[in-house]
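Heads up, the thing below is written out as structure tokens.
Residue numbers (the numbering used here): 3 to 67.
Structure below.
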């Protein structure tokens, strides 16, 4: 499903899942920056590691998460 399809889903749990995943990703980035650890993610089928320093440069303020 596309993100727009999920947000318009009839099932309220499914519709809210995209928001929950975004909130969880922001929390993971915040914790990684606080603890100086990186995060690992998969984007377009490729596994990527992003260091805490890269996260700090990309999200200089907490509100940018």
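Note that CB positions come from ideal geometry on N, CA and C, so glycine has one too. All figures in this text were calculated on a predicted structure; none of them were measured in a lab.
Do residue j and residue i have their beta-carbon atoms positioned less than 8 Å apart in this structure?
i, j, result
"residue 35", "residue 43", "no"
Could you give the first and the last residue of the continuous beta strand (DSSP E) run that contains residue i?
i, result
"residue 37", "Note, residue 37: premise wrong, no beta strand (DSSP E); alpha helix (DSSP H) at 14-37."
"residue 45", "41-45"
How far does the alpha helix (DSSP H) with residue i in it reach, from first residue to last?
i, result
"residue 55", "54-60"
Rounded to whole angstroms, how far is the Cβ of residue i from the Cβ of residue j, which I believe are closer than 8 Å?
i, j, result
"residue 54", "residue 40", "6 Å"
Given this structure, state the Cα-to-Cα distance separating residue i from residue j, to the nearest angstrom.
i, j, result
"residue 33", "residue 58", "11 Å"
"residue 24", "residue 7", "16 Å"
"residue 12", "residue 27", "24 Å"
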